[in-house]
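Asks: Sharing a structure here in structure tokens format.
2 protein chains.
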Amino acid sequence: MAGFVDKLKPVEPSGSAIIARERAQSDISVDGLSQTLFAGDNYLHRQARILPILTAEPLFDKKQQANLSRPDLFKLALARAKLLRRLKDQHGWDIDDYKLAELLVDDVSPYYLHLHMFVTTIREQASDEQQAHFMPLINAFKIIGAYAQTELGHGSNWNGTLGRTANYAIVVAQLLLPRPGVNAEDEPEYVSQGPHLFVVQVRDLKTHQPLEGVVVGDIGPKYGYATIDNAYMLFDNFRIPHSALLSRYAKVDPETGIYSKPAIPAVVYGTMTYVRSLIVHQSRMGLARAVTIAVRYTSIRRQFKDRDSKDGAERAVLDYPTVQVRVLPLLAATYALHYTGLAMQRIYKDARKEIEGGNFSPLASMHSMSSGLKSFCTNLVADGIETCRRALGGHGYGGASGFTRLYPDYLSRVTVEGDNWMITQQVASYLIKRMGEAAAQSTGADPSHLEIFNALNGRSHLQPCDILKSDVQVVEAFRRRASFLKPWTSLIIQLNKVSHAQSVAMVVEFFHESLSSHEHLSTTTQTALQNLYRLFAYYQMETEGNDFVRSHAISQDQLNALSGRIQELMTLIRPHAVKLVDSWMIPDYLLDSALGRYDGQLYEDLFHRAHRLNPLNKITFNPNYWEDEIVKGSGEGWSSILAKL
Amino acid sequence: MAGFVDKLKPVEPSGSAIIARERAQSDISVDGLSQTLFAGDNYLHRQARILPILTAEPLFDKKQQANLSRPDLFKLALARAKLLRRLKDQHGWDIDDYKLAELLVDDVSPYYLHLHMFVTTIREQASDEQQAHFMPLINAFKIIGAYAQTELGHGSNWNGTLGRTANYAIVVAQLLLPRPGVNAEDEPEYVSQGPHLFVVQVRDLKTHQPLEGVVVGDIGPKYGYATIDNAYMLFDNFRIPHSALLSRYAKVDPETGIYSKPAIPAVVYGTMTYVRSLIVHQSRMGLARAVTIAVRYTSIRRQFKDRDSKDGAERAVLDYPTVQVRVLPLLAATYALHYTGLAMQRIYKDARKEIEGGNFSPLASMHSMSSGLKSFCTNLVADGIETCRRALGGHGYGGASGFTRLYPDYLSRVTVEGDNWMITQQVASYLIKRMGEAAAQSTGADPSHLEIFNALNGRSHLQPCDILKSDVQVVEAFRRRASFLKPWTSLIIQLNKVSHAQSVAMVVEFFHESLSSHEHLSTTTQTALQNLYRLFAYYQMETEGNDFVRSHAISQDQLNALSGRIQELMTLIRPHAVKLVDSWMIPDYLLDSALGRYDGQLYEDLFHRAHRLNPLNKITFNPNYWEDEIVKGSGEGWSSILAKL
């Protein structure tokens, strides 16, 4: 092609120059902030250690993967998964190293379920003897396990890792036992003990063919998640041994057939609580990727001249309030989600300790909290990613945006592990039950973040919270709105709102708590975080303003004032926006985005990807409809493409 | 595989039985309603005539397309486009037949821009001589044209059909002319006359190679739109003849160099108004596909037992208010969008007639109206499609949902032809300008749906509209909210709200107007349409309740009552839901959805697609990480997949 192309330069000021100016205008210390965010975790060191190992491997190169078919993407993902597992051996990575490497490569790995739901279920639900047998096999990947809970026509119906990869699965199934006392010679009558967990071999370890009586396969292309094999599975007269029943809590005596049930039946669903907490913890990263790209791109991208400017220069897109209002509240949300994720993990670990010690009482509140937050956080992130993508205009639709895999993959989260609408009804019923208990005792319950209940009546004389002057009153306003349950519970449709209100109140409270842990940071940084806190809370409040006013959490005047306050906060945050996303320390390799590059060379990269990397540009097509030929000069008609249908 | 698989039957009642019952319980006449909806258009006959021609062609089979790589999808799309064009010759299709066939095949065709923006621009902007030259070439596809308006760093930057297919393009570029009066021997000084339209050959008609001085290519994989070649293009000292300037309105005398400008400069953007009106008109179909799938699936799908039911049967998911509130307002929206699209097309045609007669005055209001409605309707549809998808739970994420191409393709609409946020500012400035004029004249403007202005002050004594009793008062409430501009215009961030309020007021009014055209339909049908109207309006109102109260359009009590009214309406609409989606007459071939099949055989189809059609299930993989082999028994390592990176 024409030689002038290689000499092209973007107009001045270049993206690199602009983003350098952006960084120079803020005195936030990115190192200081990111070390605070990731304190207590080796995340930053880990990432610095692992990243160069990954980028040195051609197999992890992402440049062409959007041009691959789904079958090829799956083959690639399996090859990558194998290589990652080898690197673990080679470099002595621990499990967190390995999971971070997986995250950076950004395939949902064919091994994913093995290292999450399968191993967690064995660890939490298997007896000591079962663990002694399975854990070494799991750790050495001598067996690969999946988790099969749903049935066609119920649940979400897709069991990852099981379609083509796994040879074992946790199977959740009804435990049927002969009715005791029936004469052994009679046809036994079976009684269901409810759903139990079984660990079941489903494929031959040598041939990798399904065992006799098992039909299993991949469900085909999906909205995203091309790299993982979600499965259907059928059993036909398939026998499993007594030892398949995971028997840490539920047991059947092999001699007498006597069944001992778990202390509480819900304990078998512990793995779902684990996964929901994990999803809450991970939600920050999905949104942080989107916001990093959006902030960097919109701070470089110029559009329309500033009438007040003398030089007639165009304004950065991020200087427009219409762009700020879409991107900056989401920047604030990344911080809110981060602290929520940390709190969720802490609470989960504490609860597990209790449960392992035989105290099952935290189960119900954990289940409610993880369900509510899973629903709230994943909705926020899924919608937030798309809001960021749209804020990039046409470029957000292009493959160089970094969104074309991020968004479809993330969308799985709103339905997986309990559909976001459905599970909020569980939260609401938990809250209503607790409220009933509290009312019965004629006493207010413990006002911790897990149990927020106010008096049910006589709210109309309440003074609105002083949200514009006091940060902690903001927390109170969210609590008050969340406790405004009574007029809602008559309508099932509103249960979603109850759960949402409860969850966002927690998120606000966790974010507020974190503010006191920043005292060692510079005043600028502390102020920026405080402004992010207010922006997050005010923005949520304004979005659902009417509910806050109706619940006497805030006054109509305060609600009317929010829009102006939000705009002021955005103006204060704007100069620090680039450094506030830099602090998430997301490497270019993970972003895989021309628009979100750290160095700002976006137009160079956009053109490079289109002009030099796109395989379609190596083909000359024949556009004449009266000629069969598709590829010019091939002389071939469309039979080869027809053969692929 | 095991023989029992072929004998599987879904549990009773089957999907077919359920959907038959759904249809039997409503006495709406689907034929009567659909003929009313598509009256004045041969749409239904056209579809009945064309569909069997398409489904008889193996090239139009959709079963495997989700398994193809992007380069293969493009080849397939070009082959399909050629075949469609041949079928046009063969069957004597007119242009509407051809476009309907394109829509049913559901590829965004590589020829798409040729038949839309290219031909429209020639028709509207070329002189009679230019048309005489180009129109026969265009109609015979002897040349293939595209439309190139944006520049890197400005606009949306992607020009369809140009990447690999087109040999011509409309190029929007600055017209520079020598400053008159400068001595011909001096170096001429150029003066820009602003952007003008040129028709430019960019590829050789024989070799299909770019002409010397042109660099052009496809931008690579995108979020959706895999089947069309969006382009980058560079010119380097590329000369075009005088005849390239489209000169219906703007002319340069080839002898004297004297420039005659168009009566109004905005006339060159007519094609954008055309495309925006087209997008408004087409928006109904995108949403109707999603709602058809969602209503059919959720009426069949069962989940959880009904406590009040004696037989312990599970309830249809669509019987839950939490599902209804997501799906049924969108069902109502399909009707609202349909009537809006019809009105928009009617107004566009009338305006074109005026413009062709030399009266350019409708241009500004057309531009504003088409921009505002494009933004409102495409946001509603894009978000509505995703809401429907999520209402399907895990199955909505699967490839058999019918959403995996629909949603990514539709998302292009929110940024293409003017980013939805950006263009609303044009609407708002138009409204503010008209408001200023109205105020200056000290007189209210014409209160037609294009120009809704009320007095600016003294609203606080207004009586709220009686929205719960009167349908036309609902229209008035939307108008009043839309005219509540003054406190907003100081804040640029609110301009989006102004435009949105104005557009939704129009949509409500168009829908309300249509109610009077249904008098020949049965009472049940008329009542159902009236309920859909109310549901659409009340739902929109409740979503932005605070603005309606603040603008004294409705009272707080009325707002509080809406949630109950919405639920009542949904209960009334529920029994007719299947027939109300049936009336859009969308064939299974277009839906391409196991979940949305007309006959209700969803589980049979889901399993068939997964078990029999998925090519991944023909491959046995080797899951052992210590072995290089990916495909079991191939003995091959990952070198072949690595070679594709």
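Here the protein sequences line up with chains S and E, keeping their order.
Numbered according to my numbering, the first sequence terminates at residue 1360, and the numbering increases by one at each position without gaps.
Numbered according to my numbering, the second sequence terminates at residue 1360, and the numbering increases by one at each position without gaps.
We put the CB at the ideal spot given by N, CA and C, even for glycine.
1) So Pro773 (chain E) and Leu1357 (chain S) are supposed to be a Cβ contact under 8 angstroms. How far apart are they, rounded?
2) Please report how far the alpha carbon of Asn1211 (chain S) lies from the alpha carbon of Leu1244 (chain E), in whole angstroms.
3) Might you give, ordered along the chain, the residues of its own chain that have their beta carbon closer than 6 angstroms to the beta carbon of Arg879 (chain S), omitting 5 neighbours on each side?
4) Ser1085 (chain E): which of E:Val1219, E:Val906, E:Gln780 and E:Tyr1318 sits nearest, CA to CA?
5) Under 8 angstroms between beta-carbons, which chain S residues line up against Ser784 (chain E)? List them in chain order, please.
6) Could you give the distance in angstroms between the alpha-carbon of Ala1252 (chain S) and the alpha-carbon of Pro1044 (chain S)?
7) Indicate the three-state DSSP secondary structure (helix, strand or coil) for Ser1085 (chain S) in the structure shown.
8) Helix, strand or coil for His659 (chain S)? Go by DSSP, reduced to three states.
9) Check whether chain E comes within 8 angstroms of Pro910 (chain S), counting only Cβ atoms and requiring the distance to be less than that.
10) Could you please give the first and the last residue of the uninterrupted beta strand (DSSP E) stretch that includes Gly932 (chain S)?
11) For Val834 (chain E), is the classification buried or exposed, using 16 other Cβ atoms within 10 angstroms of its Cβ as the cut-off for buried?
12) Short of 8 angstroms Cβ to Cβ, which residues in the segment 858-889 of chain S face chain E?
13) Taking only the alpha-carbon atoms, compute the straight-line gap between Leu1331 (chain E) and Leu926 (chain S) and give it to the nearest angstrom.
14) Would Val1213 (chain E) be called buried (16 or more neighbouring beta carbons within 10 Å of its own) or exposed?
15) In chain E, which residues lie with their C-beta within 7 angstroms of the C-beta of Val1129 (chain S)?
16) Using DSSP's beta-bridge definition, name the partner residues of Gly860 (chain S).
17) Short check: CB of Ala781 (chain S) to CB of Pro936 (chain E), under 8 angstroms?
18) With a threshold of 8 angstroms between beta carbons, is Trp1136 (chain S) in contact with chain E?
19) What would DSSP say about Ala1031 (chain S), mapped onto helix, strand or coil?
20) To test your reading of the DSSP string, which unbroken beta strand (DSSP E) runs of 3 or more residues are found completely within the segment 1083-1135 of chain E?
21) Where do the ends of the alpha helix (DSSP H) carrying Met1256 (chain E) lie?
22) Give me the chain S residues within the contact set of Asn1211 (chain E), using Cβ-Cβ distance strictly less than 8 angstroms, ordered along the chain.
23) Mind checking Asn952 (chain E): buried by the 16 CB within 10 Å criterion, or exposed?
24) Beta strand (DSSP E) containing Lys1020 (chain E): first to last residue?
25) Could you work out which residues of chain S lie near Gly1114 (chain E), taking near to mean beta carbons separated by less than 7 angstroms?
26) Which bits of chain S does Asp843 (chain E) rub up against, with CB to CB less than 9 angstroms?
27) To test your reading of the DSSP string, which unbroken alpha helix (DSSP H) runs of 4 or more residues are found completely within the segment 1263-1315 of chain S?
28) What's the gap between the Cα of Trp1136 (chain E) and the Cα of Ala1009 (chain S)?
29) Going along chain E in order, which residues have a C-beta closer than 7 angstroms to the C-beta of Ile1345 (chain S)?
30) Is Leu1033 (chain E) near Ala739 (chain E), with beta carbons less than 8 angstroms apart?
31) Would you tell me roughly how many angstroms separate the C-alpha atoms of Arg1004 (chain S) and Ser1229 (chain S), rounded to the nearest one?
32) Can you find a CB in chain S that lies within less than 8 angstroms of the CB of Trp1299 (chain E)?
33) The beta strand (DSSP E) spanning His831 (chain E) covers which residue range?
34) Indicate whether Gly1315 (chain E) and Ile734 (chain E) have their beta-carbon atoms separated by less than 8 angstroms.
35) Counting along the chain, where does the alpha helix (DSSP H) carrying Leu759 (chain S) start and finish?
36) The alpha helix (DSSP H) with Tyr813 (chain E) in it runs from where to where?
Replies: Result, derived from the coordinates:
1) 6 angstroms between Cβ atoms; contact.
2) Those two C-alpha atoms are separated by around 28 angstroms.
3) The answer, listed in chain order, is Asp933 and Asp944.
4) Its Cα nearest to that of Ser1085 (chain E), the residue E:Val1219 stands out among E:Val1219, E:Val906, E:Gln780 and E:Tyr1318.
5) Near Ser784 (chain E) (Cβ distances below 8 angstroms), the residues of chain S are Asn782, Leu783, Ser784 and Asp787.
6) A direct Cα-to-Cα measurement between Ala1252 (chain S) and Pro1044 (chain S) gives close to 9 angstroms.
7) Helix, per DSSP.
8) The question about residue 659 (chain S) has no answer, for chain S in this structure spans 716 to 1360.
9) Against chain E, the CB of Pro910 (chain S) has no partner CB under 8 angstroms away; the residue lies outside that interface.
10) Per DSSP, Gly932 (chain S) belongs to the beta strand (DSSP E) from Val929 to Asp933.
11) Under this definition Val834 (chain E) is a buried residue.
12) Correct list: Ile859, Thr865, Leu867, Gly868, His869, Gly870, Ser871, Asn872, Trp873, Gly878, Arg879, Thr880, Ala881 and Asn882.
13) For Leu1331 (chain E) and Leu926 (chain S), the distance between alpha carbons rounds to 19 angstroms.
14) It counts as buried.
15) Listed by position along chain E, the residues whose Cβ is nearer than 7 angstroms to that of Val1129 (chain S) are Arg1105.
16) Partner(s): S:Tyr883.
17) With contacts defined by Cβ atoms closer than 8 angstroms, Ala781 (chain S) and Pro936 (chain E) form a contacting pair.
18) Against chain E, the CB of Trp1136 (chain S) has a partner CB under 8 angstroms away; the residue lies at that interface.
19) In the three-state reduction of the DSSP assignment, Ala1031 (chain S) falls in the strand class.
20) Segments of the beta strand (DSSP E) lying fully in the segment 1083-1135 of chain E: there are none.
21) Looking at the DSSP string, the run of the alpha helix (DSSP H) that includes Met1256 (chain E) is Thr1238 to Thr1258.
22) Contacts between Asn1211 (chain E) and chain S, judged by CB atoms closer than 8 angstroms, involve Thr1037 in chain order.
23) Here Asn952 (chain E) is exposed: its Cβ has fewer than 16 other Cβ atoms, across all protein chains shown, within 10 Å.
24) Annotation for Lys1020 (chain E): the continuous beta strand (DSSP E) segment containing it runs Arg1017 to Lys1020.
25) Those within 7 angstroms of Gly1114 (chain E) in chain S are Gly935, Pro936 and Lys937.
26) Residues of chain S passing the Cβ test: none, with the nearest at roughly 28 angstroms.
27) Within the segment 1263-1315 of chain S, the runs of alpha helix (DSSP H) at least 4 residues long that lie entirely inside it are, in chain order, 1271-1288, 1292-1297 and 1303-1306.
28) In a straight line, the C-alpha of Trp1136 (chain E) is about 15 angstroms away from that of Ala1009 (chain S).
29) Neighbourhood of Ile1345 (chain S) in chain E, by CB distance below 7 angstroms: Lys790, Leu793 and Ala794, in chain order.
30) The Cβ-Cβ distance between Leu1033 (chain E) and Ala739 (chain E) does not fall below 8 angstroms.
31) So the alpha carbons of these two residues sit roughly 22 angstroms apart.
32) By this cut-off, Trp1299 (chain E) is not an interface position.
33) Note, His831 (chain E): premise wrong, no beta strand (DSSP E); not H, not E.
34) Closer than 8 angstroms, so yes.
35) Taken as a continuous stretch (DSSP letters only), the alpha helix (DSSP H) holding Leu759 (chain S) covers Tyr758 to Thr770.
36) Following the DSSP letters along the chain, one finds Tyr813 (chain E) inside the alpha helix (DSSP H) bounded by residues Ile810 to Val820.
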